[in-house]
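Notes follow the structure.
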């Protein structure tokens with residue numbers, strides 16, 4: 083029996099895919115189809131697949147062409163699979179000519195001509211383009227525009243648009259967002275959504291009623307490593323969680339005018355990011371909190387440094403944020419069996435370690451992160467609008483809880499130092 087293996091993403095399965103699979107099957111007696119996982123696709127730059135892995139597997143299975151379906155999850159797996167399954171022929175589309183010649187050492191390599199004029203990328207590109215407004219004048223916006231180039235079906239526009247990216251001052255967010263949502267325009271807004279819990283609730287309700295989407299622009303939430311870290315925590319690998327500690331600091335000149343981000347105080351610039359792991363892991367129902375702040379300008383509410391301590395029923399948490407003080411920007415999650423360390427800068431999470439009493443039990447995890455998570459956030463935003471289903475990685479209750487912290491800060495519910 084001649085075994086044949088081929089690989090692909092098979093997003094939006096089309097006639098070209100089916101023809102390729104039929105010709106691959108004709109090369110032998112038994113066809114194995116490797117379908118790339120979502121994480122592996124991300125590492126290869128494919129960030130806006132329209133279908134999940136399970137949907138793509140189901141679509142290939144329904145063709146009845148594949149004798150066996152496997153999942154491709156890591157670089158170098160093709161060699162392992164060829165050996166494991168006793169493969170005689172590896173085949174792939176002719177647009178990869180030469181790329182897989184190294185596999186000739188293990189089996190015969192055949193490149194098949196693709197069906198011209200048909201591809202998943204072209205199908206996605208032909209779908210209605212999502213126009214996102216950005217005037218591309220400031221540093222933060224320029225980064226957003228650059229990352230949008232990596233997402234199919236996105237066009238940055240300063241004229242007519244379907245959605246808007248907002249990066250104004252936090253005190254302006256409520257009016258800026260409400261204006262767009264009232265016109266049925268979806269919005270990505272840099273966190274915090276607002277500095278009032280009730281205003282944030284109101285805006286999410288307005289988005290729902292107007293059948294559009296409001297995304298909290300916390301790019302860290304879209305990091306694969308951050309998501310995997312949360313899953314490990316929830317799985318109990320380090321036992322019951324007793325503490326979450328997050329630090330985010332930078333040295334900034336509040337007087338710089340080229341980037342609006344420099345006009346944000348410490349609590350607005352860093353607070354939402356530092357609060358994200360606390361609320362994702364321990365929830366938003368804390369029993370007590372204490373906000374401690376050192377001012378640069380008390381009148382204008384510019385904090386040089388702010389520390390927030392939380393007490394939960396069975397755990398504690400703390401965050402430290404600063405734009406005029408410096409500390410190690412790491413995230414530590416403490417459990418009853420071990421702990422997780424995400425090294426600085428943890429908010430650009432691509433690597434973390436699970437550590438135990440016995441160092442030999444320690445484990446390291448690495449997941450490629452491109453574009454600081456911004457391109458993945460944009461892809462989720464576009465997918466939400468296309469499918470009319472929310473794919474945000476930031477739950478609404480967490481956005482509201484972040485706004486409540488900011489509200490208390492501005493209402494003076496703090497302890498001053500210095």
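Residue numbers (my numbering): 83 to 500.
Glycine included, each C-beta is placed from N, C-alpha and C at the ideal position.
None of the values given here were measured: they were computed from a predicted structure.
Selection from 166, 442, 398 and 428 that minimises the alpha carbon distance to residue 326: Working through the chain shown from its first residue, we reach residue 326 at position 244. Residue 326 has its Cα closest to that of 398, out of 166, 442, 398 and 428.
Reduced DSSP category for residue 442 - H, G, I as helix; E, B as strand; rest coil: On the chain shown, residue 442 is found 360 positions in, with the first residue counted as 1. Three-state result, residue 442: helix.
Residue 299, buried or exposed, once every other Cβ within 10 Å from all chains shown has been counted against 16: Here residue 299 corresponds to residue number 217 of the chain shown, with the count starting at 1. By the Cβ neighbour-count rule, residue 299 is buried, with 16 or more other Cβ atoms within 10 Å of its own.
Buried/exposed call for residue 347, threshold 16 Cβ in 10 Å: Translated into positions along the chain shown, residue 347 becomes position 265. Burial state of residue 347 is buried, judged by a 10 Å Cβ sphere holding 16 or more other Cβ atoms.
Anticipated Cβ contact below 8 Å, residue 133 with residue 94, distance rounded: In the chain shown, residue 133 corresponds to position 51, counting from 1. In the chain shown, residue 94 corresponds to position 12, counting from 1. About 7 Å separates the Cβ atoms of residue 133 and residue 94, confirming a contact at the 8 Å cut-off.
C-beta contact flag for residue 390 and residue 401 at 8 Å: By 1-based counting over the chain shown, the position of residue 390 is 308. By 1-based counting over the chain shown, the position of residue 401 is 319. Against a cut-off of 8 Å, the Cβ pair of residue 401 and residue 390 comes out as a contact.
Any 3 or more C-beta pairs closer than 8 Å across the stretch 462 to 475 and the stretch 311 to 329: Contact fails: fewer than three Cβ-Cβ distances are below 8 Å.
Residue 509 in three-state terms, based on DSSP: What is shown of the chain runs 83 to 500, which leaves residue 509 out entirely.
Straight-line Cα distance separating residue 244 from residue 231: As a working note, residue 231 is residue 149 in the chain shown. As a working note, residue 244 is residue 162 in the chain shown. If I take the Cα positions, the gap works out to 17 Å.
Ordered list of alpha helix (DSSP H) runs contained in the stretch 314 to 372, each at least 4 residues: Within the stretch 314 to 372, the complete alpha helix (DSSP H) segments at least 4 residues long are 348 to 364, listed from N- to C-terminus.
Coil, strand or helix - residue 294 by DSSP: Residue 294 sits at position 212 when you count from the first residue of the chain shown. Three-state result, residue 294: coil.
Residue 140 beta carbon less than 8 Å from that of residue 92: The count along the chain shown starts at 1 and reaches residue 92 at position 10. The count along the chain shown starts at 1 and reaches residue 140 at position 58. Contact flag unset, no.
Beta-carbon spacing of residue 320, residue 419 below 8 Å: Stepping through the chain shown from its first residue, residue 320 is reached at position 238. Stepping through the chain shown from its first residue, residue 419 is reached at position 337. Yes; because the gap between Cβ atoms is below 8 Å, this pair is in contact.
Where residue 414 sits in the DSSP three-state scheme: The sequence position of residue 414 within the chain shown is 332, counting from 1. Residue 414 falls in the strand class under three-state DSSP.
Burial state of residue 237 (16 or more Cβ within 10 Å): Against the chain shown, residue 237 aligns to sequence position 155. Around the beta carbon of residue 237, fewer than 16 other beta carbons lie within 10 angstroms, which makes this residue exposed.
CA nearest to the CA of residue 408, picked from 461, 384 and 331: Here residue 408 is taken as the residue at index 326 of the chain shown, counted from 1. Measuring from the Cα of residue 408, the nearest candidate turns out to be 331.
Test item: CB-CB of residue 485 and residue 282 under 8 Å: Within the chain shown, residue 485 is the residue found at index 403, counting from 1. Within the chain shown, residue 282 is the residue found at index 200, counting from 1. Cβ distance < 8 Å, so residue 485 and residue 282 count as in contact.
Extent of the continuous alpha helix (DSSP H) to which residue 271 belongs: The residue you call residue 271 lines up with position 189 of the chain shown. Looking at the DSSP string, residue 271 is not in any alpha helix (DSSP H); the run it does join, the beta strand (DSSP E), is 268 to 272.
Candidates 274, 266 and 277: closest to residue 287 by CA position: Residue mapping note: residue 287 aligns to position 205 of the chain shown, counting from 1. Closest by alpha carbon: 266.
Cα-Cα separation between residue 454 and residue 376, rounded to whole angstroms: Here residue 454 refers to the residue found at position 372 when the chain shown is read from its first residue. Here residue 376 refers to the residue found at position 294 when the chain shown is read from its first residue. Cα to Cα, the separation comes out at about 29 Å.
Residue 271 to residue 250 span [Cα, whole Å]: Position 189 of the chain shown holds residue 271. Position 168 of the chain shown holds residue 250. Taking the CA atoms as reference points, residue 271 sits about 9 Å from residue 250.
Contacting residues, own chain, Cβ-Cβ under 8 Å from residue 110 (five flanking each side not counted): Position 28 of the chain shown, counting from 1, holds the residue named residue 110. 83, 84, 85, 86, 170 and 171, listed in sequence order.
Nonlocal neighbours in the same chain, by C-beta distance under 7 Å from residue 412, ignoring five residues either side: Within the chain shown, numbered from 1, the residue matching residue 412 stands at position 330. Closer than 7 Å at the Cβ level, and outside the excluded window around residue 412, lie 329, 423, 424, 425, 426 and 428.
Length of the line joining the Cα atoms of residue 483 and residue 241: Residue 483 sits at position 401 when you count from the first residue of the chain shown. Residue 241 sits at position 159 when you count from the first residue of the chain shown. If I take the Cα positions, the gap works out to 34 Å.
Residue 194 (DSSP reduced to helix, strand or coil): Against the chain shown, residue 194 aligns to sequence position 112. In the structure shown, residue 194 sits in a strand (DSSP, three-state: E or B).
Pairwise C-alpha distance: residue 493 and residue 450: In the chain shown, residue 450 corresponds to position 368, counting from 1. In the chain shown, residue 493 corresponds to position 411, counting from 1. Inter-residue distance for residue 450 and residue 493 is about 41 Å (C-alpha atoms, whole angstroms).
Environment of residue 254 [buried if 16+ CB atoms lie within 10 Å]: The residue you call residue 254 lines up with position 172 of the chain shown. Under a 10 Å Cβ-count criterion, residue 254 is classified as exposed, with fewer than 16 other Cβ atoms of the shown protein chains found around its own Cβ.
Where the alpha helix (DSSP H) containing residue 391 begins and where it ends: As a first step, residue 391 must be located in the chain shown, where it is residue number 309. Careful: residue 391 lies outside any alpha helix (DSSP H), inside the beta strand (DSSP E) at 384 to 393.
Bridge partners - residue 116, DSSP secondary structure assignment: For the purposes of this step, residue 116 is taken as the residue at position 34 of the chain shown. In the DSSP output, where bridge partners are listed per residue, residue 116 has 89 and 152.
Residue environment, residue 469, which counts as buried when at least 16 other CB atoms sit within 10 Å: For the purposes of this step, residue 469 is taken as residue 387 along the chain shown, with counting starting at 1. With fewer than 16 neighbouring CB atoms inside 10 Å of its own CB, residue 469 falls in the exposed class.
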